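First comes the structure, then the notes that go with it.
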Amino acid sequence: MYDNAAPFTNAAGHHLYSATLGGAVLTAGIVMGGNSGPGGGSVQGLAFNVSDPSKILLNSIIHVWGSGGRGTHIMDTTFNGNNSVGQSILARQPEGLVVQRVRVRNFRYNGLTVDANVQNMVMTTPVLLEDVDVANVSFAVPKSSNGTAEACVWIGNTATVRRLLLRNCAWEGLWTGTADAGSLHEDLDIDQTPIAVYIEHFTTGSTFQRMSIGTSVSTGVNCEWADPTWGSKPACVTNVIQDSTIRSSYVGVYMDQGTTGTTVRRVTFIGETRAAIVDYLGVNNSYSGNDYSGLAAGAVPVSTAH
Numbered sequence: 607m608y609d610n611a612a613p614f615t616n617a618a619g620h621h622l623y624s625a626t627l628g629g630a631v632l633t634a635g636i637v638m639g640g641n642s643g644p645g646g647g648s649v650q651g652l653a654f655n656v657s658d659p660s661k662i663l664l665n666s667i668i669h670v671w672g673s674g675g676r677g678t679h680i681m682d683t684t685f686n687g688n689n690s691v692g693q694s695i696l697a698r699q700p701e702g703l704v705v706q707r708v709r710v711r712n713f714r715y716n717g718l719t720v721d722a723n724v725q726n727m728v729m730t731t732p733v734l735l736e737d738v739d740v741a742n743v744s745f746a747v748p749k750s751s752n753g754t755a756e757a758c759v760w761i762g763n764t765a766t767v768r769r770l771l772l773r774n775c776a777w778e779g780l781w782t783g784t785a786d787a788g789s790l791h792e793d794l795d796i797d798q799t800p801i802a803v804y805i806e807h808f809t810t811g812s813t814f815q816r817m818s819i820g821t822s823v824s825t826g827v828n829c830e831w832a833d834p835t836w837g838s839k840p841a842c843v844t845n846v847i848q849d850s851t852i853r854s855s856y857v858g859v860y861m862d863q864g865t866t867g868t869t870v871r872r873v874t875f876i877g878e879t880r881a882a883i884v885d886y887l888g889v890n891n892s893y894s895g896n897d898y899s900g901l902a903a904g905a906v907p908v909s910t911a912h
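So that you can map any letter, position 188 of the sequence shown is 794 in our numbering, and since no number is skipped, the others follow by simple counting.
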């Protein structure tokens with residue numbers, strides 16, 4: 607077991623790994639990167655079991671930042687926040703980030719966050735996020751974040767996202783926004799959360815496909831409205847939702863006011879009690895080839911009411 611009074615630092619692009627998977631247990635976090643450095647550092651095969659917030663940076667067990675954080679790889683690693691710390695990974699430097707085969711449990715803010723928090727950011731090397739298993743994310747009072755956190759996975763940059771298993775997160779399974787443009791999100795298995803996929807400001811030209819959304823979800827996919835606090839600009843523009851099965855209990859895909867040019871196709875809707883699709887004051891949205899035969903009695907394929 608490896609402990610420290612503060613997070614460890616890796617600003618020099620070192621490669622940290624355990625010779626046996628999970629054999630090296632750390633009870634303090636790691637800071638990857640800095641204002642300078644070569645980048646390309648990696649963490650592989652480690653197990654983090656952290657319960658003391660003073661041993662991590664900015665409420666994240668692995669914190670990726672600065673030019674020295676470019677090209678960070680995090681692989682084959684487990685994270686337990688013991689319902690005491692914020693999140694497993696916070697990547698404010700997403701350039702070239704790779705996260706593969708990680709397991710995340712028991713966090714207070716998000717499961718993991720990849721978001722430079724810079725609108726319209728264009729990536730040279732998009733994020734790769736694969737085989738991520740996240741469960742049990744909540745504030746002490748569930749849903750008290752009012753949608754600003756409590757996501758299993760939070761993506762704010764262009765990324766390829768594959769094979770997520772997301773459970774029991776208090777606000778949503780997958781959040782996308784900020785500068786999620788031209789991304790691919792596929793093979794998503796999401797349940798036990800109020801909203802499976804929350805598409806926020808600004809998600810543009812991205813694809814969501816091969817999703818399996820379970821029965822312990824109220825709304826399968828939610829496109830945020832054109833809120834005046836965002837200049838009345840739409841959150842969800844020219845996105846594609848396709849080739850999925852959505853078993854949410856209330857609405858399958860909710861396209862709120864201002865959603866523009868978004869396509870829902872070849873989706874099977876099962877058990878929704880209100881509608882498969884709500885398209886409220888949308889602009890040039892389309893839906894085709896969907897299967898509505900499994901809707902609950904009284905539900906409609908498409909509703910334009912709020």
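A virtual CB, placed ideally from N, CA and C, is assigned to each residue, including glycine. Just so it is clear, the structure is predicted and the values come from calculations on it, not from any experiment.
For the pair F745 and N752, the Cα-to-Cα distance works out to about 10 Å. Of the other Cβ atoms in all chains shown, 16 or more fall within 10 Å of the Cβ of T799; this residue is therefore buried. With respect to T764, D786 sits close: the two C-beta atoms are nearer than 8 Å. In the same chain as Y623, and ignoring 5 residues on each side of it, the C-beta atoms closer than 6 Å to its own belong to Q650, G651, in chain order. Beta-bridge partners assigned by DSSP to L780: V759, V803. Here the alpha carbon of Q725 sits roughly 5 Å from the alpha carbon of T784.
Secondary structure at S660: helix, using DSSP grouped into helix, strand and coil. Beta-bridge analysis with DSSP links A881 to V857, V906.
Using a Cβ distance threshold of 8 Å, I680 and V705 count as a contacting pair. Judged by pairs of C-beta atoms under 8 Å, the segment 829-836 does not touch the segment 851-858, as fewer than three such pairs exist. The three-state reading of DSSP puts T813 in strand, counting E and B together. Rounded to the nearest angstrom, the Cβ distance from S694 to V710 is 5 Å, consistent with a contact under 8 Å.
The secondary-structure analysis by DSSP pairs E830 with nothing; it has no beta-bridge partner. Between G640 and G619, the C-beta spacing is not below 8 Å.
Beyond the five residues adjoining it in sequence on each side, Q863 comes within less than 6 Å, by CB distance, of W831, A832, Y886, L887 in the same chain, given in chain order. Between the alpha carbons of S894 and P732 lies a distance of about 30 Å. The C-alpha of S750 lies about 15 Å from the C-alpha of N689. Beta bridge pairing from DSSP links Q798 with no other residue. Around the C-beta of T821, fewer than 16 other C-beta atoms lie within 10 Å, and the residue is accordingly described as exposed. In its chain, beyond the 5 residues on either side, P840, C842, V843, T844, G888, V889, N890, N891 have a beta carbon closer than 8 Å to the beta carbon of T866. A check of alpha carbon separations from F713 across L735, V747, T851 identifies V747 as the nearest. A residue is called buried when at least 16 other Cβ atoms come within 10 angstroms of its Cβ; Y608 does not meet this threshold and is exposed. Under the DSSP assignment, Y893 falls in the beta strand (DSSP E) whose first and last residues are 892-894.
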